[in-house]
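Encoded as structure tokens, the structure appears first; notes follow it.
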Amino acid sequence: MAFEHFDVLIMGAGLSGIDAAYHLQKLCPKKTYVILEQRQRIGGTWDLFRYPGVRSDSDMFTMGYSFRPWTNTKAMAPGEDIRAYVTDTARNEGIDRHIRFSHRVLRAAWSSRDAAWTVHAVHQTPDGRDVPVILTCNFLFSCAGYYRYQAGYTPEFPDLNRFTGRVVHPHAWPEDLDFSDKRVIVIGSGATAVTLLPAMARTARHVTMLQRSPTYIISMPEQDAIANRLFRILPATWAYRLSRWKNIGFMIYVYQLAQRFPNFTKNGLIKKAQEQLGPGYDVATHFTPRYNPWEQRLCLVPNGDLFKAIKAGRASVATGLIERFTEKGIRLQSGEELEADIVVTATGLVLQAFGGAGLEVDGRRVDLGNTLAYKGVMVSNVPNLASVFGYTNASWTLKADLICAYVCRLLNVMDRKGARQVTPRNRDEQPVAPFVQKFTPGYIQRSLASWPKQGAKFPWRVYQNYLRDLISLKWSPVHNHALEFSNPAEVTLKPAPDGSRRQLA
Ligand SMILES: Cc1cc2nc3c(=O)[nH]c(=O)nc-3n(C[C@H](O)[C@H](O)[C@H](O)COP(=O)(O)OP(=O)(O)OC[C@H]3O[C@@H](n4cnc5c(N)ncnc54)[C@H](O)[C@@H]3O)c2cc1C
Numbered sequence: 059m060a061f062e063h064f065d066v067l068i069m070g071a072g073l074s075g076i077d078a079a080y081h082l083q084k085l086c087p088k089k090t091y092v093i094l095e096q097r098q099r100i101g102g103t104w105d106l107f108r109y110p111g112v113r114s115d116s117d118m119f120t121m122g123y124s125f126r127p128w129t130n131t132k133a134m135a136p137g138e139d140i141r142a143y144v145t146d147t148a149r150n151e152g153i154d155r156h157i158r159f160s161h162r163v164l165r166a167a168w169s170s171r172d173a174a175w176t177v178h179a180v181h182q183t184p185d186g187r188d189v190p191v192i193l194t195c196n197f198l199f200s201c202a203g204y205y206r207y208q209a210g211y212t213p214e215f216p217d218l219n220r221f222t223g224r225v226v227h228p229h230a231w232p233e234d235l236d237f238s239d240k241r242v243i244v245i246g247s248g249a250t251a252v253t254l255l256p257a258m259a260r261t262a263r264h265v266t267m268l269q270r271s272p273t274y275i276i277s278m279p280e281q282d283a284i285a286n287r288l289f290r291i292l293p294a295t296w297a298y299r300l301s302r303w304k305n306i307g308f309m310i311y312v313y314q315l316a317q318r319f320p321n322f323t324k325n326g327l328i329k330k331a332q333e334q335l336g337p338g339y340d341v342a343t344h345f346t347p348r349y350n351p352w353e354q355r356l357c358l359v360p361n362g363d364l365f366k367a368i369k370a371g372r373a374s375v376a377t378g379l380i381e382r383f384t385e386k387g388i389r390l391q392s393g394e395e396l397e398a399d400i401v402v403t404a405t406g407l408v409l410q411a412f413g414g415a416g417l418e419v420d421g422r423r424v425d426l427g428n429t430l431a432y433k434g435v436m437v438s439n440v441p442n443l444a445s446v447f448g449y450t451n452a453s454w455t456l457k458a459d460l461i462c463a464y465v466c467r468l469l470n471v472m473d474r475k476g477a478r479q480v481t482p483r484n485r486d487e488q489p490v491a492p493f494v495q496k497f498t499p500g501y502i503q504r505s506l507a508s509w510p511k512q513g514a515k516f517p518w519r520v521y522q523n524y525l526r527d528l529i530s531l532k533w534s535p536v537h538n539h540a541l542e543f544s545n546p547a548e549v550t551l552k553p554a555p556d557g558s559r560r561q562l563a
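Heads up, the sequence shown stops at 563 in the numbering used here, and the numbers go up one at a time, no gaps.
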């Protein structure tokens with residue numbers, strides 16, 4: 059049976075999926091492609107998360123696409139502005155016509171005989187039915203993000219069901235949630251909790267951020283004064299390019315400083331927090347993490363909004379372990395009791411590779427935990443497959459842009475060589491580290507065993523460094539000893555007894 063066929067099938071219409079489609083249209087204009095998106099809208103993360111204050115915590119000059127200037131004056135932007143930027147890009151470039159919404163990829167099976175993937179998806183129709191859909195493609199490009207969309211992570215909290223107030227997870231924010239004049243506890247200390255605290259404190263009676271242990275938090279101006287000046291005097295493309303490079307340079311500088319001089323950086327960050335909160339505030343308990351800067355993502359707060367809310371008494375931080383929930387709130391192991399009308403569990407995500415789709419190569423299930431990542435893009439011994447995983451220490455899009463352009467170069471090299479298959483072959487490299495290294499948030503650590511590993515040397519290393527990736531993905535030749543270009547084995551066609559043509563392998 060013949061199925062609808064595309065040269066490239068992209069999974070996901072988030073920031074990366076639109077990036078991938080843009081690059082394909084520009085660099086491989088003859089390739090046919092389709093995007094399968096499980097949701098009903100473009101935007102991925104920036105469409106899913108609707109909690110109060112949702113925003114970027116990296117600057118939009120590096121989180122925007124290399125090919126489309128971010129012209130909004132806010133460098134740290136609200137979620138809805140990012141969603142509009144991604145959606146407008148898709149519309150302006152005619153990418154939206156290629157998206158099939160409500161299509162969830164369940165599994166993909168590679169056949170070396172056909173040099174093609176058979177992709178099994180399910181289409182949720184407007185009347186709620188799940189209709190199976192099968193497509194084939196030569197190259198599968200996963201832009202499905204890095205976490206499970208269906209639900210976030212919530213630890214087992216003892217006696218949660220005794221609590222008489224409302225419990226919500228930022229992953230599924232209820233549109234009707236009215237928190238004005240309510241007492242709110244936000245459990246967590248990551249970017250989401252740090253965003254929620256000042257946003258909810260504007261109308262809530264009081265917001266408490268309840269954390270097991272502190273995170274590094276630093277205030278940044280919401281607007282980038284230098285970038286805004288550049289936009290006033292230069293054409294937008296130039297102003298954007300310069301602002302992007304300025305911020306890439308700054309990010310690399312801060313990250314390297316933290317790696318080489320962790321104590322110096324740590325003391326600097328803690329001192330800044332103390333200055334914002336005043337001399338009497340217990341920064342040692344609430345704002346002094348147990349790890350070194352950048353072992354977890356640094357949380358940026360625009361114009362110090364979190365510190366201001368705490369200083370004004372509208373919000374506070376409690377640091378301690380939860381013993382159990384009570385009817386009225388939460389009891390800590392220290393004996394302290396916190397009362398609340400609403401508890402927000404900003405406790406993280408569940409990591410998921412390839413959008414949870416199962417992969418098979420010639421009838422064999424791919425166990426990703428036993429593979430090596432090739433340049434952080436492909437997977438050892440799996441042909442014609444790539445995926446986007448951005449930086450943990452810088453803007454996601456910087457790497458997404460590099461990966462999308464790299465995949466197009468790879469497709470063009472395959473065409474020039476007349477090869478229908480390309481497979482990273484690991485001959486002697488041993489796994490030495492997880493896919494993400496020196497990065498310790500719980501939600502990352504919980505799931506890394508089932509992700510591809512990285513080796514000790516190029517091209518089996520996964521860099522968290524834009525300059526190294528420029529060399530690896532943009533400036534190095536596509537062809538190297540680890541990539542095998544090939545074609546399906548020759549087949550002989552012989553008539554079947556019923557007269558039809560039958561293939562013999
Ligand atoms: C709350 C939050 C804040 C963040 N803030 C920042 C930030 O400030 N800076 C930064 O650089 N990064 C940030 N990130 C990381 C963020 O995920 C990236 O910035 C970026 O949005 C990732 O884009 P993506 O398209 O790769 O993935 P996603 O945005 O996750 O999009 C993936 C898309 O694939 C679809 N999909 C998934 N599985 C399937 C399937 N099986 N079949 C079909 N479709 C599927 C999803 O529905 C979704 O539309 C943040 C993440 C979160 C959760």
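We put the beta carbon where it would ideally sit given N, CA and C, even for glycine.
Assigned exposure category for residue i - 16 Cβ within 10 Å defines buried
| i | result |
| --- | --- |
| residue 428 | exposed |
| residue 61 | exposed |
| residue 81 | buried |
| residue 171 | exposed |
| residue 551 | Only weak support is given to the placement of residue 551: the predicted model assigns it a pLDDT of 46, under 50, and the question is left unresolved by the model. |
| residue 163 | buried |
| residue 203 | buried |
| residue 478 | buried |
| residue 562 | Its pLDDT being 37, under 50, residue 562 is placed unreliably by the model, and nothing is read from it. |
| residue 69 | buried |
| residue 229 | buried |
| residue 319 | exposed |
| residue 532 | exposed |
| residue 557 | No answer about residue 557 holds up, because its pLDDT of 46 lies below 50 and its placement is not dependable. |
| residue 564 | Outside the shown range of the chain, which is 59 to 563, sits residue 564, and nothing can be said about it. |
| residue 442 | buried |
| residue 150 | exposed |
| residue 120 | buried |
| residue 98 | exposed |
| residue 542 | exposed |
| residue 549 | Confidence at residue 549 is low in this model, with a pLDDT of 49, below 50, so the placement of that residue is unreliable and no value is reported for it. |
| residue 148 | buried |
| residue 127 | buried |
Sheet register partners of residue i (DSSP bridge)
| i | result |
| --- | --- |
| residue 100 | Note: residue 100 sits in no beta bridge, so no partner. |
| residue 121 | Paired residues: none, contrary to the question. |
| residue 357 | 275 |
| residue 69 | 94, 200 |
| residue 541 | 482 |
| residue 188 | 182 |
| residue 585 | Since the first residue shown for the chain is 59 and the last is 563, residue 585 is missing from the structure and cannot be characterised. |
| residue 436 | 432 |
| residue 174 | 169 |
| residue 394 | Paired residues: none, contrary to the question. |
Residue i Cβ short of 7 Å to ligand 1 heavy atom set
| i | result |
| --- | --- |
| residue 406 | no |
| residue 119 | no |
| residue 129 | no |
| residue 420 | no |
| residue 107 | yes |
| residue 354 | no |
| residue 161 | yes |
| residue 446 | yes |
| residue 207 | yes |
| residue 104 | yes |
| residue 193 | no |
| residue 526 | no |
| residue 155 | no |
| residue 258 | no |
| residue 415 | yes |
Short Cβ contact (8 Å threshold) for residue i with residue j
| i | j | result |
| --- | --- | --- |
| residue 73 | residue 458 | yes |
| residue 505 | residue 446 | no |
| residue 65 | residue 199 | no |
| residue 112 | residue 243 | no |
| residue 383 | residue 232 | no |
| residue 503 | residue 206 | no |
| residue 522 | residue 464 | no |
| residue 142 | residue 418 | no |
Chain B contact for residue i (CB, 8 Å cutoff)
| i | result |
| --- | --- |
| residue 294 | No chain B is part of this structure, which consists of one protein chain only. |
Contact between the region 184-191 and the region 349-357 is defined here as three or more beta-carbon pairs at a separation below 8 Å; is this criterion met? No contact exists between the region 184-191 and the region 349-357.
Do the region 416-436 and the region 479-496 make contact, defined as three or more Cβ pairs closer than 8 Å? Yes: at least three Cβ pairs fall under 8 Å.
Count Cβ pairs between the region 273-283 and the region 133-143 that sit closer than 8 Å; are there 3 or more? When C-beta atoms of the region 273-283 are compared with those of the region 133-143, three or more pairs fall below 8 Å, so the two segments count as touching.
Given 8 Å, three or more beta-carbon pairs between the region 88-103 and the region 263-272: Too few Cβ pairs lie closer than 8 Å, so no.
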